[in-house]
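Student:
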Amino acid sequence: MPKVVSNRDWSTVTFERRLQVVYHGLVIAALVILSAQLLEGVLKPLFLAFGLYFVLKPGADWLSNHGFSTLQANGTMLLLLILALSLIGLFAWLQVDAFLSDQAKIDELELAYTNLLLTAENWPLVGDYVENMDTSQSPSKILADMGIEIGSASQIASLSGMVFNSLTVLFFLLFIIFEANLLPGRIEAAFPGDSLGRFQNIAERARDGINAYIVVKTGVSIGTGLCAGILCLLFGIDLWFVWAILAIILNYVPYIGSLIASVPPMILGLLMLNDQPMVLLAFVGLLVANQQFWGGFVETKWSGEALDLSPVLLLLVVAFSYWLWGVVGMVISVPFTVIIKIVLDTVDQTRPLAVLMSERSPDLQKVWNDALRDGRLDDWEFTRILELQRNLDIDEGQMNRAAGRAAMISALERDSMSPIEREFILKHSRAVSMHKDASSVLNSGALSPMAREMLESMLSSLEEE
Numbered sequence: 359m360p361k362v363v364s365n366r367d368w369s370t371v372t373f374e375r376r377l378q379v380v381y382h383g384l385v386i387a388a389l390v391i392l393s394a395q396l397l398e399g400v401l402k403p404l405f406l407a408f409g410l411y412f413v414l415k416p417g418a419d420w421l422s423n424h425g426f427s428t429l430q431a432n433g434t435m436l437l438l439l440i441l442a443l444s445l446i447g448l449f450a451w452l453q454v455d456a457f458l459s460d461q462a463k464i465d466e467l468e469l470a471y472t473n474l475l476l477t478a479e480n481w482p483l484v485g486d487y488v489e490n491m492d493t494s495q496s497p498s499k500i501l502a503d504m505g506i507e508i509g510s511a512s513q514i515a516s517l518s519g520m521v522f523n524s525l526t527v528l529f530f531l532l533f534i535i536f537e538a539n540l541l542p543g544r545i546e547a548a549f550p551g552d553s554l555g556r557f558q559n560i561a562e563r564a565r566d567g568i569n570a571y572i573v574v575k576t577g578v579s580i581g582t583g584l585c586a587g588i589l590c591l592l593f594g595i596d597l598w599f600v601w602a603i604l605a606i607i608l609n610y611v612p613y614i615g616s617l618i619a620s621v622p623p624m625i626l627g628l629l630m631l632n633d634q635p636m637v638l639l640a641f642v643g644l645l646v647a648n649q650q651f652w653g654g655f656v657e658t659k660w661s662g663e664a665l666d667l668s669p670v671l672l673l674l675v676v677a678f679s680y681w682l683w684g685v686v687g688m689v690i691s692v693p694f695t696v697i698i699k700i701v702l703d704t705v706d707q708t709r710p711l712a713v714l715m716s717e718r719s720p721d722l723q724k725v726w727n728d729a730l731r732d733g734r735l736d737d738w739e740f741t742r743i744l745e746l747q748r749n750l751d752i753d754e755g756q757m758n759r760a761a762g763r764a765a766m767i768s769a770l771e772r773d774s775m776s777p778i779e780r781e782f783i784l785k786h787s788r789a790v791s792m793h794k795d796a797s798s799v800l801n802s803g804a805l806s807p808m809a810r811e812m813l814e815s816m817l818s819s820l821e822e823e
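In terms of my numbering, the sequence shown has 684 at position 326, counting the first letter as 1, and numbering is strictly consecutive.
1) With DSSP as the reference, identify every bridge partner of ALA804, one or two as the case may be.
2) Which two residues bound the contiguous alpha helix (DSSP H) that contains TRP726?
3) Which residues in the same chain have their Cβ closer than 6 Å to the Cβ of VAL363, if we skip the five residues on either side of it in sequence?
4) In angstroms, rounded to a whole number, what distance separates the CA positions of PRO807 and SER776?
5) Could you tell me which of SER579, TYR411 and LYS785 sits nearest to TRP652, measuring between CA atoms?
6) Inspect the beta-carbon positions of LEU672 and THR708 and report whether they are closer than 9 Å.
7) Using CA atoms only, rank isn't needed, just tell me which of LEU631, TYR680 and SER791 is closest to LEU467.
8) Kindly confirm or deny that the stretch 410-422 and the stretch 521-536 touch, where touching means at least three C-beta pairs closer than 8 Å.
9) Is it true that the stretch 667-682 meets the stretch 632-646, where meeting means three or more beta-carbon pairs spaced less than 8 Å apart?
10) The alpha helix (DSSP H) with GLY831 in it runs from where to where?
11) Does the beta-carbon of MET636 have 16 or more other beta-carbons within 10 angstroms, so that it is buried, or is it exposed?
12) Express the C-alpha separation of ALA407 and ILE568 in angstroms, rounding to a whole number.
13) Going by other Cβ atoms of all chains shown within 10 Å of its Cβ, with 16 needed for buried, is TYR824 buried or exposed?
14) Helix, strand or coil for ARG759, going by three-state DSSP, please let me know.
15) For the alpha helix (DSSP H) containing LEU617, list its first residue and its last residue.
16) GLU657 to VAL574, Cα distance in whole Å?
17) Assign ASP596 to one of two classes, buried (16 or more other C-beta atoms within 10 Å of its C-beta) or exposed (fewer than that).
18) Is LEU722 closer than 9 Å to LEU702 when the C-beta atoms are compared?
19) Go ahead and pull the three-state DSSP assignment for GLY643.
20) So, ALA769 versus LEU813, is the Cβ gap smaller than 9 Å?
21) Please determine, among ARG734, LEU404, GLY409 and HIS424, the residue with the shortest C-alpha to C-alpha distance to SER774.
22) Quick check on the DSSP output: the alpha helix (DSSP H) that includes ALA435 runs from which residue to which?
23) Any idea what DSSP makes of LEU784, helix, strand or coil?
24) Take ALA431 as the anchor and find which of LEU437, LEU439, SER422 and LEU438 has the nearest alpha-carbon.
25) If I measure Cβ to Cβ from ILE606 and keep anything under 8 Å in the same chain, skipping five residues before and after, which residues do I get?
26) Thinking LEU436 and ILE535 are a contact (beta carbons under 8 Å), I'd like their distance in whole angstroms, please.
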C-alpha cells in the first residue's frame, strides 16, 4: 500500500528543494562574479556590444516591418550608429581639446577654485572640513590623478585607447547581429515540440521587455541631455555638449544616473558663476528641475509596467555593477537584469526568485495577458496559471473572467481570434448571459466588424465592474 504524504511533509520537501535551488544559485553567482572580474577585458566590450544591440533592435524591427530585410535593417542601424557615434565623439573631443588648450581659462578656474575654498572655510557646516582639506592640489593636478591629463601626448594616448576599445566593441557587435539572425533556426532544430514554444515565449518576452525599456529610456535620455546642454549653453557653462552627452549616457542608469550627470556641470558652474549667486542658483535649480521633469514625470508616464523590477534590487544591481565594471557596468546592468528575471520566471523551480525580484506581487490578469499575447496557450503556461490560482486561492469565476478579458484584448490587438481565445471568451459569456449571441457572432480567424463591436462592448462592461 503506497505511503500517504501529508501536506506538512509535502511542504517540507518543497521548501528543501527551493532552498537547494537558492544554494546552487548562490554558488553559480559567486562563480559568475569571479569570472567577470578575471575576464573583465574580454567580457566588458562583449556585454557593451550586447547593450548596443538592444539599442539598435527597436529601430531594426521597425525597418523590418517596413520592407527591409533583416540583414538590411541591422546593417542600416549599425551604419547610423557608427556615423552618430563618430560625429558625437569628434565634436566632444574637439570641445574638450579646445577647453584644455585654453591655459588662460584653466588659470581662471584654478583661481576661482582657490577663492571658493577660502570662502567655504567660513561656512557653518563645511567650514571645518574645508579648513582641514589638502588645498595644495590644483584642479589640473586633481584631473591628472583621475587620468585626465592636460597635454597632447596624454590626449593622443587616450584617443588611441578609445579607438581600440570602440573597434573591439564593433567587432563583437557584428558577430552578435549575425548570430541573432541564425539562432532561432538552430533553437527550432534543437528543441522541437513544446520546448520550442517555451524558448519562443522567453525570447518574445525578453524582446518586448528590453524594447520597452530601451525606447522609453532613449527618449527620456535624449530629452534630458538636450535640455541640460541647452541650459549649460544659455548660462555660458563650458563643455555644454560634453555635459549633454554625459546626461544622455548616465540617464540609462536608473534613479541615480541623471543625478550623477548633473554634478559636473554644477561644479563647473559654481566656479564660473561664483560672483553671480542668483544666476548660479537659477542654473542649479533649472538643472534639478530638468532632471525631475524627465525622470520623475515623463519616464513614469511612458514606462508604466515596462520593467516590474524592485527599486531596491535595481539600486543594488547598479551599485554592484559599478563596483565590478565601473560606469559601463551601471549602464548595461538593467537590461540584463530584466532578461535574468524573465528567464527565472519561465522555470518552475526558479519562479519564486523572479517573484522576489518583481516590484509588484503576482497578478492573475497580467499572467493571463502575457500567456495569450500571441493567441496560444502552451502547457507550461497553463500549468503556471493553475499554480498561481492555487497559491492565491482564486475561484473559477475569477479565472474565467481574467481569461476572457485577456482573450478579448489579445484578439482585438491582433484583429484575429484563435480557437483557444474563442473558447475562453465563450466561457466568460455564459457568466454574463451572452453565450447565445457570442457563439453565433464570434468565430476563429479574422474579426468581422460585428465581432469586433461585440468584443469591445464586452470588454467595456468588464472595465466598468
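Every residue, glycine too, gets a C-beta built ideally from N, C-alpha and C.
Tutor: A quick look at the data gives this:
1) Here the question's residue 804 lines up with position 446 in the sequence shown. Per DSSP, SER774.
2) Against the sequence shown, residue 726 aligns to sequence position 368. TRP726: member of the alpha helix (DSSP H) spanning 722-729, first to last residue.
3) On the sequence shown, position 5 is the one that residue 363 refers to. Residue confidence for VAL363 is low, a pLDDT of 45 falling below 50, so the modelled location carries little weight and cannot support an answer.
4) Working through the sequence shown from its first residue, we reach residue 807 at position 449. Working through the sequence shown from its first residue, we reach residue 776 at position 418. Taking C-alpha positions only, PRO807 is separated from SER776 by approximately 16 Å.
5) The count along the sequence shown starts at 1 and reaches residue 652 at position 294. Here the closest residue by C-alpha is SER579.
6) Counting from 1 along the sequence shown, the entry for residue 672 is found at position 314. Counting from 1 along the sequence shown, the entry for residue 708 is found at position 350. Cβ atoms of LEU672 and THR708: not closer than 9 Å.
7) Locating residue 467 in the sequence shown gives position 109, where the first residue counts as 1. Checking every option, the nearest Cα to that of LEU467 belongs to LEU631.
8) Counting Cβ pairs under 8 Å, three or more are found: they touch.
9) The stretch 667-682 is not in contact with the stretch 632-646.
10) The question about residue 831 has no answer, for the chain in this structure spans 359 to 823.
11) Stepping through the sequence shown from its first residue, residue 636 is reached at position 278. It is exposed - the Cβ of MET636 has fewer than 16 other Cβ atoms within 10 Å.
12) What you label residue 568 is simply residue 210 of the sequence shown in a count that begins at 1. What you label residue 407 is simply residue 49 of the sequence shown in a count that begins at 1. Between the alpha carbons of ILE568 and ALA407 lies a gap of roughly 15 Å.
13) Given that the chain is displayed from residue 359 to residue 823, the structure contains no residue 824 and the question cannot be resolved.
14) As a first step, residue 759 is located in the sequence shown; it is residue number 401 there, counting from the start. DSSP places ARG759 in helix when its eight states are reduced to three.
15) For the purposes of this step, residue 617 is identified with residue 259 of the sequence shown, where counting begins at 1. Counting along the chain, the alpha helix (DSSP H) containing LEU617 begins and ends at 615-630.
16) If you number the sequence shown from 1, residue 657 lands on position 299. If you number the sequence shown from 1, residue 574 lands on position 216. Answer to the nearest angstrom: the Cα atoms are 7 Å apart.
17) For the purposes of this step, residue 596 is taken as the residue at position 238 of the sequence shown. Label assigned to ASP596: buried.
18) Locating residue 702 in the sequence shown gives position 344, counting from the first residue. Locating residue 722 in the sequence shown gives position 364, counting from the first residue. No, the Cβ-Cβ distance between LEU702 and LEU722 is not below 9 Å.
19) For the purposes of this step, residue 643 is taken as residue 285 along the sequence shown, with counting starting at 1. In this structure, GLY643 counts as helix in the three-state DSSP scheme.
20) Here residue 769 refers to the residue found at position 411 of the sequence shown. Here residue 813 refers to the residue found at position 455 of the sequence shown. With respect to LEU813, ALA769 sits close: the two C-beta atoms are nearer than 9 Å.
21) Residue numbering aside, residue 774 sits at position 416 when the sequence shown is read from its first letter. ARG734 is the residue among ARG734, LEU404, GLY409 and HIS424 whose C-alpha sits nearest the C-alpha of SER774.
22) Taking the first residue of the sequence shown as position 1, residue 435 is located at position 77. The residue you asked about is not Ala; residue 435 is Met in the sequence shown. Here the alpha helix (DSSP H) through MET435 covers 428-459.
23) In the sequence shown, counting from the first residue as 1, residue 784 sits at position 426. Here LEU784 sits in helix by DSSP.
24) By one-based count along the sequence shown, residue 431 stands at place 73. Nearest C-alpha to ALA431: SER422.
25) As a first step, residue 606 is located in the sequence shown; it is residue number 248 there, counting from the start. If we look at ILE606 and ignore the five residues flanking it on each side, its Cβ neighbours are SER579, ILE580, THR582 and GLY583.
26) Taking the first residue of the sequence shown as position 1, residue 436 is located at position 78. Taking the first residue of the sequence shown as position 1, residue 535 is located at position 177. The pair is a contact, with the Cβ atoms about 7 Å apart (cut-off 8 Å).
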